[in-house]
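Once you know that position 70 of the sequence shown is 70 in full-length UniProt numbering, the rest is easy, because the numbers rise by one and skip nothing.
C-beta atoms are modelled at their ideal positions from N, C-alpha and C, and glycine is treated no differently.
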Amino acid sequence: MKNIMLVFGTRPEAIKMCPLVTELRGRKEARVCVCVTGQHKSMLKQVLDGFSINPDYDLSIMKEKQTLFEITVNILNKIRQVLEKEKPDVVLVHGDTSTAFACALACFYLQIPVGHVEAGLRTYDIYSPYPEEFNRQVIGIIANYHFAPTEKARENLISEGKNPSAIFVTGNTGIDALKTTVRADYSHEFLTWSLGSRLILLTVHRRENLGEPMRQIFRAVKRITDTHPEVKVIYPIHLNPRVREIAGSVLGGEERIRLIEPLDVIDFHNFMARADLILTDSGGIQEEAPSLGKPVLVLRKSTERPEGVDSGALLLVGIEEERIYEAVTRLLDDNVLYDRMRSADNPYGDGEASRRIADILLGKNENK
C-alpha cells in the first residue's frame, strides 16, 4: 500500500487535481489523502463539490487581501503537522501556485518525496507570470517525479539537468476533467441571453495584469462590442476586489457585456464549449480550449505554454489595447483564420494523464 497525499489550494489546481484524486482513489494499491490549503476559498469549494471530493484536511489559510508573504508563511506553519501525522510516501503538488511552492518546500524540509504534476512549463522570465514562474522552477529543483504534460516541457527539464529517468510525459490532467464536465444537454440563463450572437468568453485575473494593463484589456473589449454589434461578452469576474473595481469602472453597465459571478467548473467548461472565442490570461484555459475547438487569444506578454501557440490554437496578443482590439477584429472578420485556429491540433493530451500518473506512482508503467 502506497501512501499518497495530494495538496492543492486554488480553483485552477483543483480542476486539474480532482481527476487524479478520483483515479488514485480507485486504485486498491493506494491510500489517498487530500489536503487543501484554502488559498482560494469559495471558488475552491465549487470545484470540490463539482467532483464530489471531500478533503481530509483543510488548512483554511484564506484571508482578505492576503499577501504572498502571508500565504507562504501560513501554509508552511499549518502543513507541517499534517505531513508529520500522515507520513506520506509521496506528496503530489500541481503547477505553479504559492500553495504548490510552499508545500514542496515543507516536504523538502521533512525529506518527503514530491511529485510535480504539470512540470516543466517555462517562460524563463522570473517575473512573468509572477510569482508563478519562480514557483515552478523551485518546485522543479525539489521534485522527485516530474509529470510533464508535453514533450516540450520534458525538454525544458532535461536542459536544466533534471534526471531523465524521473521525467514522465503524461499529458495534462485538465484535459481529463473535460471528459466528465462538458454535457450536450447543458443550459444556462446567460447562454440563453447570448443566443444569436457571437459569444466571447473573457477571463482576466493575473497579478501582473492588475492596474493599467487590465484597464487596457477591458477598454479593448468594450471597443469590440461597440464596433461589432453581433458580439456579446460574458465575463465570470474574479473575486479579487481590485479586479472587480477595474472591471466595473470600464465594463459596468454595457448592454452587451455581462459581468457575472465566478462559475463552478461544470458551468465554466460548458460555457467554453459554447463560446465562439475566448480571451484569457489564464494558464489552464490555454490547454482546455483547444480540446473544445475554441480559438484563444492570450492576454499576456509571454506564455509557458508555447505548444498551443506553435500548433495555431493560441495567439499571444499581449496586454495593449490596440493590439488586442486588432487581433480580435481580425479573428472575427477572417473566417479562414478562425477555422484554422478552431481546427488546430490539441498538443496537451488525450484525457488519460491521471491514469498514466497513477500507473507510474504505483510501479505499473516505467515508460517515460
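Query: C-alpha gap between VAL34 and ILE234, whole angstroms; Result: 33 Å
Query: Pick from LEU292, MET341 and THR329 that is closest to LEU315, judged by C-alpha positions; Result: MET341
Query: Three-state secondary structure (DSSP) of PHE51; Result: coil
Query: As assigned by DSSP and simplified to three states, the class of ALA273; Result: helix
Query: CB of ASP276 within 8 Å of CB of LEU299, strictly; Result: no
Query: Residue interval of the beta strand (DSSP E) (run including VAL117); Result: 114-117
Query: Three-state secondary structure assigned by DSSP to LYS301; Result: coil
Query: Same chain, Cβ closer than 6 Å to residue 369, neighbours up to 5 away in sequence not counted; Result: Here the chain has residues from 1 to 368 only, and residue 369 is not among them.
Query: CB contact flag (PRO290, LEU263, <8 Å); Result: no
Query: Validate contact between the region 202-219 and the region 179-190 using beta carbons, cut 8 Å, 3 pairs; Result: no
Query: Within 8 Å, strictly: CB atoms of VAL91 and ILE75; Result: no
Query: Reduced DSSP category for ARG183 - H, G, I as helix; E, B as strand; rest coil; Result: coil
Query: Residue span of the beta strand (DSSP E) that contains ALA166, given as start and end; Result: Unbroken run through ALA166: none, as it is neither H nor E.
Query: Boundaries (first-last residue) of the beta strand (DSSP E) holding LEU292; Result: Element bounds for LEU292: n/a, residue is neither H nor E.
Query: Contact under 8 Å by Cβ, GLY38 with SER52; Result: no
Query: For residue 373, the first and last residue of its enclosing alpha helix (DSSP H); Result: Examination of residue 373 is not possible in this model, given that the chain is present from 1 through 368 alone.
Query: Sub-8 Å separation of ILE4 and ASP89 beta-carbons; Result: yes
Query: Cβ-based burial, ASP350 [other Cβ within 10 Å; buried from 16]; Result: exposed
Query: Close-in-space but distant-in-sequence residues of the same chain around LEU362 (CB under 8 Å, 5 per side omitted); Result: LYS2, ARG27, GLU29 and ALA30
Query: Alpha-carbon to alpha-carbon, GLU230 and LEU332; Result: 10 Å
Query: Beta-carbon contacts of ILE200 that lie in its chain and below 8 Å, excluding the five residues immediately before and after; Result: VAL221, ILE224, VAL231, LYS232, VAL233, ILE234, ALA275, ASP276, LEU277, ILE278, LEU279 and VAL328
Query: Unbroken alpha helix (DSSP H) run spanning LYS232, endpoints; Result: Careful: LYS232 lies outside any alpha helix (DSSP H), inside the beta strand (DSSP E) at 231-236.
Query: Within 8 Å, strictly: CB atoms of GLY140 and GLU155; Result: no
Query: Selection from MET17, LEU195, ILE175 and ALA14 that minimises the alpha carbon distance to GLY293; Result: ILE175
Query: Sequence ranges, beta strand (DSSP E) only - wholly within the region 40-96, length at least 3; Result: 90-94
Query: Cβ neighbour criterion (16 or more within 10 Å) applied to SER42; Result: exposed
Query: Residues near ARG207 in its chain [Cβ-Cβ closer than 7 Å; skip 5 each side]; Result: TYR130
Query: Anticipated Cβ contact below 8 Å, THR173 with MET17, distance rounded; Result: 7 Å
Query: Which listed residue (VAL47, VAL204 and HIS146) has its alpha carbon closest to that of ALA353; Result: HIS146
Query: Close Cβ partners of LEU24 (< 7 Å) along its chain, the five nearest in sequence each way excluded; Result: ILE4, ALA30, VAL32 and ALA358
Query: DSSP three-state assignment for MET17, whether helix, strand or coil; Result: helix
Query: Proximity of PRO12 and GLY284 at Cβ, strictly below 8 Å; Result: yes
Query: Identified DSSP bridge partners for LEU361; Result: Answer is none; LEU361 lacks a bridge partner.
Query: Beta-carbon contacts of LYS364 that lie in its chain and below 6 Å, excluding the five residues immediately before and after; Result: none
Query: Coil, strand or helix - TYR145 by DSSP; Result: strand
Query: Integer Cβ distance of GLU307 from THR123, believed to fall under 8 Å; Result: The Cβ separation is near 13 Å, so there is no contact.
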